[in-house]
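Undergrad: Dumping the structure here so I can ask a few things about it.
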Amino acid sequence: MTAITDLGIAGLRDGFRAGDFSAREIADAFNGAVAGAKALNAFIIETPDHAIAAAEAADRARAAGELLPLSGVPLGIKDLFCTAGYQTTAASRMLGGFTPTYESTVTAKLFAAGAGMLGKLNLDQFAMGSSNETSAFGNVVSPWRRNDGGNAALAPGGSSGGSSSAIAARIVPAATGTDTGGSIRQPAAFTGIAGIKPTYGRCSRFGIVAFASSLDQAGAMAQDVRDSAILLEAMSGFDPKDSTSLDVAVPQWEANLSSDLKGKKVGIPKEYRVDNMPPEIDALWKQGIEWLRDAGAEIVDVSLPHTRYALPTYYIIAPAEASSNLARYDGVRYGLRDLPEGANLQEMYAATRAAGFGPEVKRRILIGTYVLSAGFYDAYYTKAQKVRALIARDFEEAFRQVDVLLTPTAPSAAFALGEKSADPLEMYLNDVFTVPASLAGVPAMSVPAGLDGQGLPLGLQIIGRPLDEQGVLNAGLAIEQRAGFTAKPQNWWAK
Ligand code: GLN
4 MTAITDLGIA
14 GLRDGFRAGD
24 FSAREIADAF
34 NGAVAGAKAL
44 NAFIIETPDH
54 AIAAAEAADR
64 ARAAGELLPL
74 SGVPLGIKDL
84 FCTAGYQTTA
94 ASRMLGGFTP
104 TYESTVTAKL
114 FAAGAGMLGK
124 LNLDQFAMGS
134 SNETSAFGNV
144 VSPWRRNDGG
154 NAALAPGGSS
164 GGSSSAIAAR
174 IVPAATGTDT
184 GGSIRQPAAF
194 TGIAGIKPTY
204 GRCSRFGIVA
214 FASSLDQAGA
224 MAQDVRDSAI
234 LLEAMSGFDP
244 KDSTSLDVAV
254 PQWEANLSSD
264 LKGKKVGIPK
274 EYRVDNMPPE
284 IDALWKQGIE
294 WLRDAGAEIV
304 DVSLPHTRYA
314 LPTYYIIAPA
324 EASSNLARYD
334 GVRYGLRDLP
344 EGANLQEMYA
354 ATRAAGFGPE
364 VKRRILIGTY
374 VLSAGFYDAY
384 YTKAQKVRAL
394 IARDFEEAFR
404 QVDVLLTPTA
414 PSAAFALGEK
424 SADPLEMYLN
434 DVFTVPASLA
444 GVPAMSVPAG
454 LDGQGLPLGL
464 QIIGRPLDEQ
474 GVLNAGLAIE
484 QRAGFTAKPQ
494 NWWAK
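Heads up: the sequence shown begins at 4 in my numbering, then just goes up one per residue.
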């Protein structure tokens, strides 16, 4: 029999409904797995009490015939979502000990749908990073190892690396993520799981610690495409508390999953064929094209001419918005306060911010204030906004010809911890394929598609039209069925 912890959302939900196990048994199994996997450092706090309370409610609901969509399913929650009564840190010392009195809309929806919470997952500090090494709580470790016998500890991707590591290690069945420039898709690719960033505005940003507000989107990370659809459905929906929330109905993505792509056109953007891309990734991309053709799609070459400006544009706009959003951490209203003996107000601000923010966050605040400063605003920020509009227009043009786009998710497999942390630019380059969809606000997903020569997972990315998460999920399903990705990391971490 399959172990409970090997099951994803659909397997748990359906098994629970069929009476194969109780919700309490599910919660106990995952709480045990979480407690035994400290070596991954995937969690900032564990919340077994929350998972158990939700499980007991689910068992009562089953007895009463009042099942909810996620009854019996426990989840990991990225520690960027405010959770009432549970510490929320954004992996920063700045929010150390901050316990929100309110619930983010996304977690409120998940709990209202019956889900429980196993804990708050580690991440890059304020979601800034691609490797989880910027967390103030220590880096997350990927459960994967290269098959070269070297045992190097690998990055789980970032910023949602606690989420990706925990799902890949099967210590949570699924988790929330957030994606500002790739933080759902790149960690998903690095760890052999699925992850979808929906259209900007699908999920409410209320109660999510802000990084770059015009880019931040919550999304689903899970073992497979079906689970991603189920989770995203429960997370999405209009919220008057977020002025950028879209007032549109949430489709039934799970019920409408179909891997039959007859009549669909898939675009292959030539600008994503970058220099120095490992040949294995190029080969996997070609394989993906064949899989989608086999599913009935017509393949069309397309051009997104401004792609090469996406990375520099993102690394102006995201820090600009971050510097403004992070101005609120003044030592007065939230979390940390550093008040040296005899300090005045200015000195208290400076001491608090010096002590609270990590080096990557400080770097972004400095870049952001620089590009927004009076002398440089037009040269950098205004220019970046104009280029962003051109990048969005590229996608509009492409989606006149095709239904979805297929690209690799990241230009490399997981790198070793420490390998890129000395050079921020090299780290930023890992986001080259994910930031364009973020700048355009369109939905995009990564699905596990194969292994590289060292036995590490590689992902393919599907990008869709605004609000066409269904098209993205369906193409993802077509790839998933043909890739038959079943590889799992060797369990070295369990106690
Ligand atoms: N890696 C990107 C960055 O560092 C994206 C992060 C994110 O999507 N939150 O900004």
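Think of the CB as a built atom: it goes at the ideal place given N, C-alpha and C, for glycine as much as any other residue. Being a predicted model, the structure only gives us computed values, none of them experimental.
1) Are there 16 or more other CB atoms within 10 angstroms of the CB of Thr104, so buried, or fewer, so exposed?
2) Identify which residue in Ile233, Gln226, Ser239 has its Cα closest to the Cα of Pro201.
3) Whole angstroms are fine: how far does the CA of Arg367 sit from the CA of Val109?
4) According to DSSP, what are the bridge partners of Phe84?
5) Alpha carbon to alpha carbon, how far is Tyr317 from Ala323?
6) Give me the Cβ distance between Gly18 and Ala57, rounded to the nearest whole Å; I'm assuming they're in contact under 8 Å.
7) Using the three-state DSSP reduction, which class does Thr181 fall into: helix, strand or coil?
8) Tell me whether Gln493, by its Cβ, gets closer than 8 Å to a heavy atom of the ligand GLN.
9) Can you say whether Asn477 is buried or exposed, counting buried as having 16 or more other CB atoms within 10 angstroms of its CB?
10) From what residue to what residue does the beta strand (DSSP E) around Ala447 run?
11) Using only alpha-carbon positions, find the residue among Leu43, Arg16, Asp219 that is nearest to Pro72.
12) How big is the Cα-Cα spacing for His513 and Asn34?
13) Determine the closest residue to Ala38 out of Gly185, Gly22, Arg65, Ala169, with distance taken between C-alpha atoms.
14) Are the beta-carbon atoms belonging to Ala177 and Ala221 less than 9 Å from one another?
15) Looking at Tyr317 and the ligand GLN, is the gap between the Cβ and the nearest heavy atom below 8 Å?
16) Asn494: buried (16+ other C-beta within 10 angstroms of its C-beta) or exposed?
17) The beta strand (DSSP E) spanning Leu234 covers which residue range?
18) Confirm the yes/no value for this check: CB of Met499, any heavy atom of the ligand GLN, distance under 8 Å.
19) Measuring CB atoms only, is the segment 81-93 touching the segment 121-134, in the sense that at least three cross pairs come out at less than 8 Å?
20) With distances taken Cα to Cα, identify the nearest neighbour of Lys41 among Gly132, Phe140, Gly68.
21) In the DSSP assignment, what are the bridge partners of Gln500?
22) Could you tell me which whole alpha helix (DSSP H) segments of length 4 or greater appear in the segment 44-99?
23) Taking all protein chains shown into account, decide if Lys265 is buried (16 or more other Cβ within 10 angstroms of its Cβ) or exposed.
24) Should Gly361 be counted as a contact of the ligand GLN given a C-beta to heavy atom distance under 8 Å?
25) From Asp285 to Ala45, what does the alpha carbon distance come to, in whole angstroms?
26) Check Thr412 in the structure and name its three-state DSSP category.
27) Do you know offhand how far Asp52's Cα is from Tyr89's?
28) Go ahead and pull the three-state DSSP assignment for Ile319.
29) Does DSSP put Leu461 in a helix, a strand or coil?
30) Starting from Lys200, trace the beta strand (DSSP E) both ways and give me its first and last residue.
31) Measure from the alpha carbon of Thr50 to the alpha carbon of each residue in Gly185, Val405, Val175, then state which is nearest.
32) Excluding sequence positions up to five away, which residues of its chain have a Cβ less than 8 Å from the Cβ of Asp136?
33) Are at least three pairs of beta-carbons, each pair with one atom in the segment 412-419 and one in the segment 339-349, less than 8 Å apart?
34) What separation, rounded to the nearest whole angstrom, lies between the Cα atoms of Leu295 and Arg331?
35) Between the C-alpha atoms of Asp219 and Asp245, what's the straight-line distance to the nearest angstrom?
36) Residues in its own chain within less than 6 Å of Val212 by CB, not counting five upstream and five downstream?
TA: According to the structure data:
1) exposed
2) Ser239
3) 27 Å
4) Ile211
5) 10 Å
6) Gly18 to Ala57, Cβ: 17 Å. No contact.
7) strand
8) no
9) buried
10) 447-454
11) Arg16
12) Here the chain comprises residues numbered 4 to 498, so residue 513 is not present and cannot be evaluated.
13) Ala169
14) no
15) yes
16) exposed
17) Here Leu234 belongs to no beta strand (DSSP E); instead the alpha helix (DSSP H) covers 228-238.
18) Look at the range of the chain in this structure, 4 to 498, and you will see that residue 499 is not part of it.
19) yes
20) Phe140
21) There is no way to answer for residue 500, as the model of the chain reaches only from 4 to 498.
22) 51-67
23) exposed
24) no
25) 31 Å
26) coil
27) 11 Å
28) helix
29) strand
30) 197-200
31) Val175
32) Looking at the sequence itself, residue 136 is Glu, so the reference to Asp does not match. Taken in chain order, the residues that qualify are Asp127, Asn142, Ala158, Gly161, Leu420, Gly421, Ser424.
33) no
34) 47 Å
35) 12 Å
36) Leu83, Ala93
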